[in-house]
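Structure, as structure tokens:
Residue numbers (the numbering used here): 10 to 242.
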């Protein structure tokens with residue numbers, strides 16, 4: 010099995026890489042941090058230094074991968090700006106969308122046709138519960154992840170005839186470098202190991218859409234059933 014994992018140098022991506030290392034023939038570990046990537050090198054792990062905000066470079070990497078018979082792609086990499094009530098400058102907003110959303114399409118562009126020819130493959134998109142109830146202080150992150158949910162649904166139905174599985178994962182708060190920067194209360198905060206175990210099981214069971222932790226997810230669902238005026242309050 011040949012695998013690509015983005016955001017593989019730390020956090021969720023790094024732990025998923027460990028999970029799949031025994032099962033894989035090759036894992037292409039994609040991240041910006043070259044030093045962290047070098048720590049991961051092994052006979053199976055091929056480290057790829059790549060900034061996902063550089064869309065043309067992502068497209069070139071996709072071209073290189075089209076002949077590698079990729080079986081599983083885990084699009085895990087994401088960035089988040091500090092929570093702030095102010096209107097986000099365009100360049101920061103654009104970069105968030107490039108990394109969290111647009112880079113995924115660029116990465117898949119030349120790999121999906123290869124999967125279609127083989128009539129097999131699995132694509133995992135890591136979204137967030139933040140996509141379901143957008144906070145005014147995290148507009149770029151929430152909006153990019155909500156776009157990813159729509160993309161996942163479209164892609165799943167588009168590729169169903171080719172036996173390609175598309176899995177959309179929506180985690181809540183998990184202890185990572187990203188959440189460590191938050192200076193607010195994070196309900197149902199999970200340990201990294203617990204969160205990664207749940208993601209791994211969802212991938213292996215090929216769940217179309219998996220949102221967790223369930224208590225947090227159901228609270229958000231109830232919130233979204235309220236009239237819009239109450240939600241705003």
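Idealized CB from N, CA, C, for every residue including glycine.
Please classify residue i: is it buried, with 16 or more other beta-carbons within 10 angstroms of its beta-carbon, or exposed?
i, result
"residue 109", "buried"
"residue 227", "exposed"
"residue 48", "exposed"
"residue 145", "exposed"
"residue 13", "buried"
"residue 169", "exposed"
"residue 157", "buried"
"residue 214", "exposed"
"residue 95", "exposed"
Answer yes or no: do residue i and residue j have a C-beta to C-beta separation smaller than 9 Å?
i, j, result
"residue 70", "residue 134", "no"
"residue 179", "residue 129", "no"
"residue 54", "residue 212", "no"
"residue 150", "residue 114", "no"
"residue 196", "residue 225", "yes"
Would you mind working out which of the options sits nearest residue i, comparing C-alpha positions?
i, options, result
"residue 10", "181, 121, 96, 33", "33"
"residue 172", "18, 81, 74", "81"
"residue 52", "138, 76, 31", "31"
"residue 118", "75, 207, 136, 15", "75"
Need the endpoints of the alpha helix (DSSP H) that residue i sits in, please.
i, result
"residue 224", "223-234"
"residue 239", "237-241"
"residue 173", "From DSSP, residue 173 is part of no alpha helix (DSSP H) but of the beta strand (DSSP E) over 173-180."
"residue 90", "Unbroken run through residue 90: none, as it is neither H nor E."
Please name the residue or residues paired with residue i in a DSSP beta bridge.
i, result
"residue 81", "12, 131"
"residue 57", "39"
"residue 64", "None, per the DSSP bridge assignment."
"residue 199", "183"
"residue 220", "179"
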